[in-house]
Amino acid sequence: DDPRLTRTAASALQAGASGLLAATALRHALGRATPADGGDTTRFAWGSRGGFPDTRGTLAWATLTPYAREYDRPALYAVAGLVSAASAGGARHWLSDAAAGAALGYLIGHHAWLDQRRALGGARPWTDGRHVGLSWATP
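Residue numbers 2 to 140, in my numbering, belong to the letters of the sequence shown in order.
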């Protein structure tokens with residue numbers, strides 16, 4: 002029955018879902034080749050499942066950022082950073098894929114945390130049955 006923890010968990014869940022949706026949409030839209038594909042950083046196959054940005058990194062940064070901000074625990078960013086580093090170091094992603102995932106996740110997580118604190122509309126995933134999107138309400 003801790004309202005602060007409940008609010009933070011809700012913002013982390015919202016950020017994680019929004020980050021996953023945004024990263025997945027970007028990966029499918031851009032279709033950037035991964036190191037495992039044998040390509041280079043300039044090869045794109047528009048509309049295919051690519052590697053830019055790193056989805057795992059986006060998810061880690063998006064879900065951990067609200068906790069790091071709310072409880073002033075910057076060490077949590079190291080955990081998210083390890084996820085991003087593992088993706089780049091394991092030849093799953095280029096370093097720029099991991100950096101883009103980290104930046105996207107941090108921004109989404111930070112805004113989800115702000116939305117909970119300021120009772121703004123926030124990021125909301127949506128679907129109409131044929132399309133999926135992300136809307137962001139501002140004051």
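Heads up, the beta-carbon is just placed ideally off N, CA and C, and yes, glycines get one too.
**Prompt:** Looking at the unbroken alpha helix (DSSP H) that takes in D116, where does it start and where does it end?
**Reply:** What you label residue 116 is simply residue 115 of the sequence shown in a count that begins at 1. That run of the alpha helix (DSSP H) goes 96-119.
**Asked** Should P67 and L105 be called a contact, given that it needs their Cβ atoms to be closer than 8 Å?
**Response** Position 66 of the sequence shown, counted from the start, is the residue given in the question as residue 67. Position 104 of the sequence shown, counted from the start, is the residue given in the question as residue 105. Contact: no.
**Message:** Give me the DSSP bridge partner(s) of V133.
**Reply:** On the sequence shown, position 132 is the one that residue 133 refers to. Answer by DSSP bridge pairing, in chain order: T128.
**Item:** T78 versus W62 - alpha carbon distance
**Value:** Within the sequence shown, residue 78 is the residue found at index 77, counting from 1. Within the sequence shown, residue 62 is the residue found at index 61, counting from 1. The sequence given here has Tyr at residue 78, not Thr. Spanning the two alpha carbons is a distance of roughly 7 Å.
**Prompt:** Thinking C-alpha only, which one of T9, S12, T59 is nearest L27?
**Reply:** As a position in the sequence shown, residue 27 is number 26, starting the count at 1. Per the Cα distances, T59.
**Request:** Mind checking which residues open and close the alpha helix (DSSP H) that includes Y78?
**Result:** Looking up residue 78 in the sequence shown gives position 77. Where Y78 is concerned, the enclosing alpha helix (DSSP H) stretches over 77-90.
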